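Asker:
2 protein chains.
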Amino acid sequence: MRVVFIGAGNLATRLSLAMSRAGMEILQVYSRTAARAEALAGKLGCVWTDALDAVSPDADLYLFALKDTALREVIAGMRPNGGLWAHTAGSMPLSVFAGATERYGVMYPLQTFSVEREVDFKRIPFFLEASSAREEALLKKVAGTLSDDVRPLSSEKRKYLHLAAVFACNFTNHMYALAERILRERGIPGEVLLPLIDETAAKVHELSPERAQTGPAVRYDRNVIDKHLALLRDPDVRDLYERISANIYNLKSEI
Amino acid sequence: MRVVFIGAGNLATRLSLAMSRAGMEILQVYSRTAARAEALAGKLGCVWTDALDAVSPDADLYLFALKDTALREVIAGMRPNGGLWAHTAGSMPLSVFAGATERYGVMYPLQTFSVEREVDFKRIPFFLEASSAREEALLKKVAGTLSDDVRPLSSEKRKYLHLAAVFACNFTNHMYALAERILRERGIPGEVLLPLIDETAAKVHELSPERAQTGPAVRYDRNVIDKHLALLRDPDVRDLYERISANIYNLKSEI
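Note that the protein sequences, when read in sequence, are chains U and Z. Each residue of the first sequence is one higher than the last, beginning at 7 in the working numbering. Each residue of the second sequence is one higher than the last, beginning at 7 in the working numbering.
#1: At a CB-CB cut-off below 8 Å, which residues of chain U make contact with D5 of chain Z?
#2: Within the same chain, show all residues whose beta-carbon is closer than 6 Å to that of T19 of chain U, passing over the 5 residues directly before and after it, in chain order.
#3: Any idea what DSSP makes of I12 of chain Z, helix, strand or coil?
#4: Can the beta-carbon of A235 of chain Z be found closer than 9 Å to that of Y247 of chain Z?
#5: Distance check for R109 of chain U and G89 of chain U, CA to CA, integer angstroms please.
#6: Enumerate in chain order the residues of its own chain whose CB-to-CB distance from I250 of chain Z is below 8 Å, with the five nearest sequence positions on each side excluded.
#7: Beta-carbon separation of Q117 of chain Z and P131 of chain U under 9 Å?
#8: So which of U:S97, U:S161, U:L199, U:R140 has the shortest CA-CA distance to L169 of chain Z?
#9: Quick check: is the beta carbon of H93 of chain U nearer than 9 Å to any beta carbon in chain A?
#10: Would you check whether the ligand PLP has a heavy atom nearer than 8 Å to the C-beta of D245 of chain Z?
#11: Closer than 7 Å between beta carbons: that is the criterion. Which residues of the stretch 177-189 of chain U meet it against chain Z?
#12: Skipping 5 residues on each side, what residues in its chain have a beta carbon closer than 7 Å to that of A28 of chain Z?
#13: Is it buried or exposed for E141 of chain Z, if we count other Cβ within 10 angstroms and need 16 for buried?
#14: Using the beta-carbon of each residue, which ones in chain Z are nearer than 9 Å to A14 of chain U?
#15: Tell me the residue span of the beta strand (DSSP E) that contains G48 of chain Z.
#16: In chain order, which beta strand (DSSP E) runs of at least 3 residues are fully inside the stretch 63-149 of chain U?
#17: Residues in the same chain with beta-carbon distance under 7 Å from L238 of chain U, minus the five sequence neighbours each way, listed in chain order, please.
#18: Please classify L257 of chain Z: does DSSP put it in a helix, a strand, or coil?
#19: Given a cut-off of 9 Å, decide if D59 of chain U and G40 of chain U are closer than it, judged by their beta-carbon atoms.
#20: Just to confirm, is the Cβ distance from P115 of chain Z to L17 of chain Z under 9 Å?
#21: Could you check the C-alpha separation between R129 of chain U and L145 of chain U for me, to the nearest Å?
#22: Return the bridge partner residues of Q34 of chain U from the DSSP annotation.
#23: Under three-state DSSP, which class holds D155 of chain U?
#24: Would you please verify whether the beta carbon of P131 of chain Z is less than 9 Å from any beta carbon of chain U?
#25: Taking P215 of chain Z as the query, report the chain U residues whose CB atoms sit under 7 Å from its CB, ordered along the chain.
#26: Counting only C-beta atoms, is F70 of chain Z closer than 9 Å to chain U at any point?
#27: In chain order, what residues of the same chain lie with their CB nearer than 7 Å to the CB of R38 of chain U, ignoring the 5 residues before and after it?
#28: Work out the CA separation of K209 of chain U and R2 of chain Z for me, nearest whole Å.
#29: Given a cut-off of 9 Å, decide if V80 of chain Z and V53 of chain Z are closer than it, judged by their beta-carbon atoms.
#30: Taking only beta carbons into account, state which residues of the stretch 222-250 of chain Z come closer than 8 Å to chain U, listed in chain order.
#31: Interface residues of chain Z around S97 of chain U at Cβ under 7 Å?
#32: Please classify R137 of chain U: is it buried, with 16 or more other beta-carbons within 10 angstroms of its beta-carbon, or exposed?
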């Protein structure tokens, strides 16, 4: 399996390194930013380019790991070839490839990736979609080499999966950031939060998030809520505290 | 060490069971709700009461694990005795005991507790404060039997610690709940989020939350943000999505 990576960001970096380690041959890395292409190619020991018309036509698989806005442009600028083109984006439909090439698909790994952090691919769910059963089978082989959890999913449903991931990951991480900032301002080391952060995540393996919920909002302990609001000086963060607390209480009332 | 528990909720349950296992003798459980007192006393193999004037005067330590609003009332209703009285509340000051008894303190474990889930106390940070060095030493001995992480902390700072915990735990858990609800409405099993939830928590052991952040908000990818807003039908949740995204982007600009 010879692979060209179109993109050299967080996801491209982690995925290409995992594929390389799993025995797939990464032929080339393309990025519009030469420095990024070069950095990733250096890790992979392959060639790189920042010119779309210099992308090798000889690969079996072209993996597009790009921002949504860049994806359309780059697809439009690629020369047709005989390989399978697949993107890795949660919120872009399969049809973004229609008209540009014959063989295409989507291979969406539900995970947060950073260039500097290794992740265990075995547990990452991969969601696949393709222009034909043959292309889906090929993507299944690739994803199945990396992960034990590979599932088909339509573009329509994948949009919601990506939306849910923003809540479960990006917004969650922002709650960590706000918590750490509150402590930092008082000279308390942020790492005291780690056992709480770990347990909050571990808990939802056993209990649903609704059942796992604790704290002043779910009890609607207005006394504590008002005290907390008075401690928050940033009006945007105070507003978030108020609205998230109300939403926690409302969700509970719905159950 | 003979202990009376005042309260029989999530925290009282997990803490009393951990203390009992560590060799401390739980003499009695008090709760205003007889059924709860009885349930916890049953687990501990001790007696219980729902009458404050029937609380045993013979314990070394009285641990108050109650809602903030109940705490003041219950302290006012307790008969004075020679034991050390300590509460476990993040947002109540040490001074809540002043005038009611001579020997008092605070032993605040930074963790989320549910009656039905065991937690590993060894890693839970305990924050202590007391009316004298002697009382603090006694609480340190108790907390140190349970945990490897015991620190002194003033009432003033503890308020902020509790506020930070609401973000890192309760609000985080609510993000999980909203994510799961989005999937449930589309027939996608919520457990596909677990590896993402785990990695999001694990990541901040290595990278600060600011560095760990990924996704459309931190890139300010308006294209994805607008698509996501269009998918959210609940106006309160749509509003949260918009405000949290803006706050993620603003926090990044500040750094």
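Backbone N, C-alpha and C define an ideal beta-carbon position, used for all residues, glycine too. Computed from a predicted model, the values in this text were never measured in an experiment.
Answerer: In terms of the structure at hand:
#1: Chain Z is shown only over 7 to 261; residue 5 of chain Z falls outside these bounds and no answer can be derived.
#2: The answer, listed in chain order, is L46, V121.
#3: Note: I12 of chain Z maps to strand in three-state DSSP.
#4: Note on identity: in this sequence residue 235 of chain Z is Leu, with Ala being the wrong assignment. Taking the C-beta atoms as reference points, Y247 of chain Z is found nearer than 9 Å to L235 of chain Z.
#5: It is roughly 7 Å from the alpha-carbon of G89 of chain U to the alpha-carbon of R109 of chain U.
#6: Around I250 of chain Z, the same chain offers A223 as residues with beta carbons nearer than 8 Å, after the five sequence neighbours per side are excluded.
#7: No, they are not a contact pair.
#8: The residue with the shortest Cα to Cα distance from L169 of chain Z is U:L199.
#9: Structure shown: chain A not included; protein chains present are U and Z.
#10: This structure lacks the ligand PLP; in fact it carries no ligand of any kind.
#11: Hits within the stretch, in order: F177, T178, N179, H180, M181, Y182, A183, L184, A185, E186, I188, L189.
#12: Answer for A28 of chain Z: T151, L152, listed in chain order.
#13: Counting the other Cβ atoms within 10 Å of the Cβ of E141 of chain Z gives 16 or more, which makes it buried.
#14: The premise fails here: A14 of chain U is roughly 15 Å from chain Z at the closest Cβ pair, so nothing lies under 9 Å.
#15: Unbroken run through G48 of chain Z is the alpha helix (DSSP H), 40-50; no beta strand (DSSP E).
#16: The stretch 63-149 of chain U contains these whole beta strand (DSSP E) runs: 67-70, 90-93, 110-115, 131-136.
#17: R244, Y247.
#18: DSSP, reduced to helix, strand and coil, places L257 of chain Z within a helical segment of the structure shown.
#19: For clarity, residue 40 of chain U is Ala in the given sequence; the question names Gly instead. No. Outside cutoff.
#20: By the CB criterion at 9 Å, P115 of chain Z and L17 of chain Z fall inside the cutoff.
#21: R129 of chain U and L145 of chain U: Cα-Cα distance of roughly 17 Å.
#22: Beta-bridge pairing links Q34 of chain U to U:V10, U:V53.
#23: D155 of chain U: strand per DSSP, three-state reduction.
#24: Interface residue, yes.
#25: Residues of chain U passing the Cβ test: N179, Y182, A183, E186.
#26: No - not a single Cβ of chain U is within 9 Å of the one on F70 of chain Z.
#27: Contacts found: D56.
#28: In the structure as shown, chain Z begins at 7 and stops at 261. Residue 2 of chain Z is therefore absent and cannot be evaluated.
#29: Taking 9 Å as the cut-off, the beta carbon of V53 of chain Z is found no closer than this to the beta carbon of V80 of chain Z.
#30: The residues in question are P222, A223, V224, R225, D227, N229, V230, K233, H234, L237, L238, D242, V243, D245, L246, Y247, R249, I250.
#31: Those are V230, K233, listed as they occur along chain Z.
#32: The identity of residue 137 of chain U in the sequence shown is Ser, whereas the question assumes Arg. By the 10 Å Cβ count, S137 of chain U comes out buried.
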